[in-house]
């Protein structure tokens, strides 16, 4: 039994995350290490980010704009 497309969590590659957030791959990895970006999920030999977590991080950054 397979899951229909669009059902369940979606995962992004580092290239997709980089494009989505407009940052370099290295800065994504650095901020992840510092706990300032969502953690990767290991899927087999690959690493992916949960799309929902990345989108939530983007929304959080938008709310912080006027605080600093």
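Numbering (my numbering), first residue to last: 1 to 68.
Using N, Cα and C, we set each Cβ at its ideal position, and we do this for glycine too.
With 16 other CB atoms within 10 Å as the buried threshold, where does residue i fall?
i	result
residue 41	exposed
residue 58	exposed
Which whole-angstrom value is the C-beta distance of residue i and residue j, which I expect to be below 8 angstroms?
i	j	result
residue 14	residue 25	5 angstroms
Can you give me the C-alpha to C-alpha distance between residue i and residue j, rounded to a whole angstrom?
i	j	result
residue 11	residue 64	25 angstroms
residue 45	residue 21	24 angstroms
residue 56	residue 62	10 angstroms
Between residue i and the rest of its own chain, which residues show a CB-CB distance below 7 angstroms, the 5 nearest in sequence each way excluded?
i	result
residue 17	28, 49 and 54
residue 31	37
residue 39	32
residue 66	none
Spatial neighbours of residue i within its chain, please: CB distance less than 8 angstroms, with the 5 preceding and 5 following residues excluded, ordered by chain position.
i	result
residue 52	9 and 10
residue 47	14, 40 and 41
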